[in-house]
Structures are given as C-alpha cells and as structure tokens.
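Enquirer:
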Amino acid sequence: MIDTQYTKDLLDSIVDGITNVKGEEITILDLREIENAFTQYFVICNGKSNTQVSAIAASIERTVKTEMHERPYSIEGTQNKHWILMDYTNVIVHIFQEEYREYYDIESLWGDAVETRIEMNY
Numbered sequence: 001m002i003d004t005q006y007t008k009d010l011l012d013s014i015v016d017g018i019t020n021v022k023g024e025e026i027t028i029l030d031l032r033e034i035e036n037a038f039t040q041y042f043v044i045c046n047g048k049s050n051t052q053v054s055a056i057a058a059s060i061e062r063t064v065k066t067e068m069h070e071r072p073y074s075i076e077g078t079q080n081k082h083w084i085l086m087d088y089t090n091v092i093v094h095i096f097q098e099e100y101r102e103y104y105d106i107e108s109l110w111g112d113a114v115e116t117r118i119e120m121n122y
C-alpha cells in the first residue's frame with residue numbers, strides 16, 4: 001500500500017519544481033478510481049521552448065531530490081525536449097511544449113480522471 005501523505009508530498013514537490021521555473025498550465029489527473037490505471041496520478045504542464053521544458057524537468061528532479069530524497073525511476077524525451085516524461089512510479093509527470101500537449105491531449109484520453117488545475121501567481 002502506498003502512503004497517501006507521501007504521495008501528496010510528492011505531488012506538492014513536483015508542483016514546486018514546475019512553478020520554480022514558471023511552467024504553465026499545471027494539471028493533476030487523479031487516476032486512483034480508474035480501473036487498470038498503471039499509476040495514481042499524472043501531472044501535466046507545459047513550457048514555451050525546448051530550453052524551458054528541459055529546465056522544468058531539471059527543476060522537478062532537483063526539487064524532489066531535495067525535498068523528498070527521491071529520484072525518478074526513469075526519464076524519457078530528454079533528447080528532443082518536445083515531451084519529457086518523468087516516472088516517479090505512483091506519479092508520472094508529462095512536460096510538453098504547448099503544441100505537443102494540444103496534439104496528444106492526454107487530459108481527454110483520461111477523461112474519467114478527476115482533474116485539478118493549479119493556479120499560478122506569476
């Protein structure tokens with residue numbers, strides 16, 4: 001059984017990492033009630049360029065390591081930086097450039113998930 005407080009703290013740490021470098025349109029999809037979901041949460045955000053997408057991933061990795069003493073199980077997409085996926089097992093982070101986020105439209109693929117949008121103050 002996965003500790004729900006740990007998962008909440010991990011989500012908070014990931015969001016901190018995104019906001020530290022002004023990532024945009026942060027959405028959390030709660031997949032816990034979806035049958036056959038392979039993770040508990042998706043965190044989805046976007047950046048304006050390859051550089052910002054890469055900076056968001058680096059900030060998340062640094063913040064989670066500092067706050068939670070955790071590293072991602074795997075990271076994919078660092079070569080092209082259009083869509084970087086960070087797998088923290090019970091939380092998977094998707095960092096997109098805006099046009100790729102629109103194209104793949106993960107939110108609609110997981111339409112049954114409870115969706116939470118994070119308000120940003122910058």
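Number 57 in UniProt numbering belongs to position 57 of the sequence shown; there are no gaps in the numbering. Think of the CB as a built atom: it goes at the ideal place given N, C-alpha and C, for glycine as much as any other residue.
Return the CA-CA distance between M120 and V15, expressed in angstroms with no decimal places.
Expert: Sequence index remark: in the sequence shown, residue 120 carries index 120 (1-based). Sequence index remark: in the sequence shown, residue 15 carries index 15 (1-based). When rounded, the distance between both Cα atoms is 10 angstroms.
Enquirer: Give me the Cβ distance between L10 and Y88, rounded to the nearest whole Å; I'm assuming they're in contact under 8 angstroms.
Expert: Locating residue 10 in the sequence shown gives position 10, where the first residue counts as 1. Locating residue 88 in the sequence shown gives position 88, where the first residue counts as 1. Confirmed, Cβ separation roughly 6 angstroms.
Enquirer: In chain order, what residues of the same chain lie with their CB nearer than 7 angstroms to the CB of L31, ignoring the 5 residues before and after it?
Expert: For this step, residue 31 is matched to residue 31 along the sequence shown. Excluding residues within five positions, the ones whose Cβ falls inside 7 angstroms are A37, T39, Q40, Y41, F42, W110 and A113.
Enquirer: I need the DSSP call for G111, collapsed to helix, strand or coil.
Expert: Position 111 of the sequence shown, counted from the first residue, corresponds to residue 111. Three-state DSSP puts G111 in coil, outside helix and strand.
Enquirer: What did DSSP end up calling S74 once you bin it into helix, strand or coil?
Expert: Here residue 74 is taken as the residue at index 74 of the sequence shown, counted from 1. Residue state, collapsed to three classes: strand.
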